[in-house]
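In the UniProt record's numbering, the protein residues as written are 1 to 540.
Presented below is the structure to which this report refers.
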Amino acid sequence: MSAGEGAATYLAHALSLSALHGPGPWPSGGSPLPDERPDPEAILSDVVFDGIRTHHFGFDAQPETAAELAERISETVLHDLDPSPLGELFAEQSVLPLADDLVKELRTRRLPREKLRSVALHVVEHATRGSETKLGIVLLGICGDERDRELLLLLGSLETLTLYAVVALSNTQPDPQRAAFELAQRVEGWGRIHAVERLEGCGDPEIKAWLLREGFRNHIMNEYLAHIAATTGGLYEALLSDDVDAALLDGAADILSALAMGGPAKDMAHYDDAVPAMHRFAELADARPTLSRLDALLTLSRLLDRTGFSWPEHEPARLKSRYEAVLSQRKWHSLVSAHLVRPVGEYGFTHALSCAGRLGVPATPHALGHLEKDPYNAYVWQWLLERVSREEADLVVAHAERLLPLGDLASGPAESLGFGEHHAPDQALGVIVRGLEKHPGAGHGLLRVALSSPVISTRNAVLMALEAWPSEARPPEAGAWLTAAGSIEPDPRVRERIQRHLGLTDQGLSTVRTGVGTICDVMRPVTRIAPEGGPPCGRK
């Protein structure tokens, strides 16, 4: 029996999402998938792993495996065999390393196109697992035609399949860029990146306009697509228009900001129209101020101080003078202050806070006030501890001790990486502890709690703070805390760091392993933060 028998097919899953949500983008890129087992601690999904490997790490090709698969496919096609066993075989494969070689192998065999298409369609329509579906799409990309456009668009709307679907569309459709354009609008993450990359050099006016206003935006990093948008979309030429609409100006703000950030794709150094586009943007943003345009002006102004950039003659002096003149106007301070009081959108406050920090607008009271209703906002905690004085740091610590569920956060050391929304309180505590490194002596109680955090990086942050502080700023009880923590630390690297800090060996630590009661006695202050009747040592 197939491992996927009885499970929903990927095609049925896509049809269901289409019926519920329209053509896309779909919630969570179409996840959870039929064969997906959600893991809140997972670092990389398949779609993220494919994206990273195609753009950064590469992969080892598998020509031998590709040749073996091609042989099995050829036998199925030429002898009119049941294609179902191919699905089982495909489900066992890692698709990305062998896809190109498989295509090359099959093209040399000159199989009957219509028969191969029937096999590919059977696999695609019956696949219940990701690798099976991907390889079915790879096959369809060899032998498909315009009849398969809607099927490929539907399946490609699942982010995990977009890369394979857009390649298949590019190889089978008479209008490949229009097909890639339609698919790009249906996805938002790595799928958007894969699809838009197939639009580079496109001359279609509708696609160019979309690239500048929306097409470069994605949930991974705008930097991946900013250069394609600026060049293929004709950003500078568009900004020269007498009638620059708000969407274009906001798109320009985000494209130029992404180019200024540098990497992971081509950036401002590779954009021939960088200087005139920056001049023109400053002129337009000055006349039509918004918070997002201010953000871009601040980002671009930092680029002008960066060394190693090959500026034209008399630049960046002219640009620097222009940007300083624009940013020195009081209207920007008023704009930021208004957004701190009345933020717009889910991330409106953090956006305004970021601008306040760079523009020099006092915002500490606003930040502390915001934490009263959003106590797990790690960015706000980080912003505060990067800017407050040592005395003000005590106030921030007091807020943290009051607002965070410290008893729950001291649930005991584990090997959690702290990913996922359910770890938002842990993430906030970790950011605070890392920020305390700059404020020696502040937050002894938070350090004590963080040593019992289930998140590895949070426990590491305690050690970083203690190592950075002068000896007189460290808690007198730190040695006892670390000795007890080291005796139950599950991560070998953290345990080794604790031992180095204490100058102890495993034998030395074993002297405190005399029973849970001894460790609890040392860590007892943690339980005082927890509600009455909480578990011993704060552990669940």
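Heads up, the beta-carbon is just placed ideally off N, CA and C, and yes, glycines get one too.
Here the structure is a predicted model, which is why all the values come from computation and not from measurement.
Assuming the contact rule is C-beta atoms closer than 8 Å, residue i and residue j should be a hit. Round their C-beta distance to whole Å, please.
i	j	result
W383	G357	6 Å
L183	T162	7 Å
G443	V494	19 Å between Cβ atoms; not a contact.
W190	G51	4 Å
L248	A238	6 Å
L446	E401	7 Å
L199	A180	6 Å
Here's a check: name, in chain order, each residue in its chain whose Cβ is nearer than 7 Å to the Cβ of residue i, leaving out the five neighbours to either side.
i	result
residue 545	Residue 545 lies beyond the residue range present for the chain, which begins at 1 and ends at 540; the question has no answer from this structure.
T511	With a pLDDT of 43 at T511, under the threshold of 50, the modelled position of that residue is not reliable, and the figure given next carries that caveat. If we look at T511 and ignore the five residues flanking it on each side, it has no Cβ neighbours.
P316	L304
R147	none
M278	L256, L300, L319
E346	none
Please report how far the alpha carbon of residue i lies from the alpha carbon of residue j, in whole angstroms.
i	j	result
E88	G144	22 Å
T108	L298	55 Å
L371	F349	11 Å
S31	E92	21 Å
E214	D254	10 Å
R72	L81	10 Å
Q177	T9	28 Å
L151	E421	34 Å
G201	A410	54 Å
G308	V187	36 Å
G486	A461	15 Å
E68	V95	14 Å
P34	I456	32 Å
Y224	I193	7 Å
C227	S18	Note on residue identity: the sequence assigns His, not Cys, to residue 227. Roughly 32 Å separates the two Cα atoms.
V167	A127	19 Å
A480	T54	49 Å
P413	N377	23 Å
F216	G251	8 Å
N171	I220	26 Å
A287	H314	25 Å
R500	W210	56 Å
L406	P454	12 Å
T232	A258	16 Å
Give me, in chain order, the residues of the same chain whose beta-carbon lies closer than 6 Å to that of residue i; leave out the 5 immediate sequence neighbours on both sides.
i	result
V77	L111, K115, L116, V119
L155	A14, L161, A165
T133	Y10, A127
R280	L239
Would you please verify whether the beta carbon of residue i is less than 7 Å from any beta carbon of chain C?
i	result
L211	Given the protein chain composition of this structure (a single chain), no chain C is represented.
When DSSP builds the beta bridges, which residues end up paired with residue i?
i	result
V455	S416
So, at 8 Å on beta carbons, what are the nonlocal neighbours of residue i in its own chain, with the 5 sequence-adjacent residues on each side left out?
i	result
A367	L353, V380, W383, L384
residue 542	In this structure the chain extends from 1 to 540, so residue 542 is not present and cannot be described.
A61	P97, L98, D100, D101
T458	G418, D426, L429, G430, V433, A450
G142	This sequence places Ile at residue 142; Gly is not what is there. The residues are V103, L106, R107, L116, A120, N171.
T364	L384, R387, V388, E392
Inter-stretch contact (C-beta, 8 Å, three-pair minimum) for the segment 466-477 and the segment 415-434 = Flag = no, the segment 466-477 and the segment 415-434 do not touch.
- Is the segment 240-252 in contact with the segment 262-269, if contact means three or more CB pairs nearer than 8 Å? With a cut-off of 8 Å on Cβ pairs, the segment 240-252 is not in contact with the segment 262-269, counting fewer than three such pairs.
Review point. Okay, do the segment 405-417 and the segment 389-396 touch, 3+ Cβ pairs below 8 Å being the bar?
Key: Judged by pairs of C-beta atoms under 8 Å, the segment 405-417 does not touch the segment 389-396, as fewer than three such pairs exist.
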